[in-house]
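*Asks:*
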Amino acid sequence: NAGVTQTPKFRILKIGQSMTLQCAQDMNHNYMYWYRQDPGMGLKLIYYSVGAGITDKGEVPNGYNVSRSTTEDFPLRLELAAPSQTSVYFCASSSRSYEQYFGPGTRLTVT
Amino acid sequence: DQQVKQNSPSLSVQEGRISILNCDYTNSMFDYFLWYKKYPAEGPTFLISISSIKDKNEDGRFTVFLNKSAKHLSLHIVPSQPGDSAVYFCAASDGGTSNTGKLIFGQGTTLQVKP
């Protein structure tokens, strides 16, 4: 049971480039979330999904897109990367409305 | 507007003593509260939680207290151990009403336990 996996672990992007952060879970959880954590700050919700085919915006969705075609996968797409998107990105999943299980994170730098 | 606040960015305690981490919230609709622990270069891991219908929940060395009238919760770690050194995040959910599982996180408190 791998839990929540994220790839890549690290990435450096140039301004204007695009990329997809991958997230997968093998716990058959319906709920999945994407957060970003900036230095000295808490986790801010970017997008979330309550099941396959259903996604919704969180607190800081601008500059990002998501899709949820399967229960297991929840990729996060960055279009036209900007320095403000330099952050650590965490994916999480849960089977009910409370305890979330987090992946190890993707550290992204945009220069 | 920060709905969940951890006003102490850092805390340093001696091994064996009590660590008390505090968290304040503003939204009275929150009905479930959680504490997460995060080591460097790892994702947060769930530590302990409490429902709004309770005022205390205990799990081994960890106890969470909830004061609804003050909109305040605290995490007590007794006795503190060097392995407890980490960043602790408080989180809150209004899952009972929204049913989305969304959590609102505080800024985190870095705990250092000195041997």
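The listed protein sequences correspond, in order, to chains A and B.
Residue numbers for the first sequence follow my numbering, beginning at 1 and rising by one.
Residue numbers for the second sequence follow my numbering, beginning at 1001 and rising by one.
Backbone N, C-alpha and C fix where the C-beta goes; we use that ideal spot for every residue, glycine too.
Owing to the predicted nature of the structure, the values given are computational and were not obtained by experimental measurement.
Looking at the structure shown, is Asp1084 of chain B part of a helix, part of a strand, or coil, going by DSSP?
*Replies:* DSSP places Asp1084 of chain B in helix when its eight states are reduced to three.
*Asks:* Rounded to the nearest angstrom, what separates Arg96 of chain A and Gly51 of chain A at their Cα positions?
*Replies:* Spanning the two alpha carbons is a distance of roughly 11 Å.
*Asks:* Whose Cβ in chain B lies nearer than 9 Å to the Cβ of Phe102 of chain A?
*Replies:* What Phe102 of chain A touches in chain B: Tyr1036, Lys1038, Glu1042, Gly1043, Pro1044, Thr1045 and Phe1046.
*Asks:* In chain order, which continuous runs of the alpha helix (DSSP H) of length 4 or greater are located wholly inside the segment 56–104 of chain A?
*Replies:* Those alpha helix (DSSP H) runs which fall completely within the segment 56–104 of chain A and span 4+ residues do not exist here.
*Asks:* With 16 as the cutoff for other CB atoms within 10 Å, does Val1004 of chain B come out buried or exposed?
*Replies:* Under this definition Val1004 of chain B is a buried residue.
*Asks:* Tell me which same chain residues have a C-beta within less than 7 Å of the C-beta of Val110 of chain A, skipping the five on either side of it?
*Replies:* Contacts found: Leu13, Ile15, Ala81, Ala82, Pro83, Gln85 and Thr86.
*Asks:* Please identify the residue among B:Pro1115, B:Cys1023, B:Leu1034 and B:Pro1040 whose C-alpha is closest to the C-alpha of Lys1071 of chain B.
*Replies:* Residue B:Cys1023 is the option with its Cα nearest to Lys1071 of chain B.
*Asks:* Pairing CB atoms from the segment 26–45 of chain A with CB atoms from the segment 67–77 of chain A, are three or more of them under 8 Å?
*Replies:* Taking 8 Å as the limit for Cβ pairs, the verdict is that the segment 67–77 of chain A does touch the segment 26–45 of chain A.
*Asks:* Between which two residues does the beta strand (DSSP E) containing Gly51 of chain A stretch?
*Replies:* Taken as a continuous stretch (DSSP letters only), the beta strand (DSSP E) holding Gly51 of chain A covers Leu43 to Gly51.
*Asks:* Can you round the beta-carbon distance between Gln1006 of chain B and Lys1114 of chain B to whole angstroms, since I take them to be within the 8 Å contact cut?
*Replies:* The pair is not a contact, with the Cβ atoms about 21 Å apart (cut-off 8 Å).
*Asks:* Among residues of its own chain, excluding the 5 on either side of Ser1093 of chain B, which ones have a beta-carbon nearer than 8 Å to its beta-carbon?
*Replies:* Result list for Ser1093 of chain B: Phe1030, Asp1031, Tyr1032, Phe1033, Leu1034, Gly1101, Lys1102, Leu1103 and Ile1104, in chain order.
*Asks:* If you run the structure through DSSP and keep just helix, strand and coil, what is Asn30 of chain A?
*Replies:* If DSSP states are grouped into helix, strand and coil, Asn30 of chain A belongs with coil.
*Asks:* Leaving out five residues on either side along the sequence, give the residues of the same chain with a beta carbon under 6 Å from the beta carbon of Thr7 of chain A.
*Replies:* The residues are Gln22.
*Asks:* Determine, for Phe1105 of chain B, whether the minimum Cβ-Cβ distance to residues of chain A falls below 7 Å.
*Replies:* Interface residue, yes.
*Asks:* By the criterion of Cβ-Cβ separation under 8 Å, what are the contact partners of Thr1100 of chain B in chain A?
*Replies:* Within chain A, the residues near Thr1100 of chain B are Tyr31, Tyr48, Val50, Asp56 and Ser97.
*Asks:* Return the chain-ordered list of same chain residues with a C-beta closer than 8 Å to the C-beta of Pro1082 of chain B, the five sequence neighbours on each side being excluded.
*Replies:* Glu1015, Val1113, Lys1114 and Pro1115.
*Asks:* Kindly list, in the order they appear in chain B, the residues whose Cβ is closer than 8 Å to that of Phe90 of chain A.
*Replies:* Correct list: Gly1043 and Pro1044.
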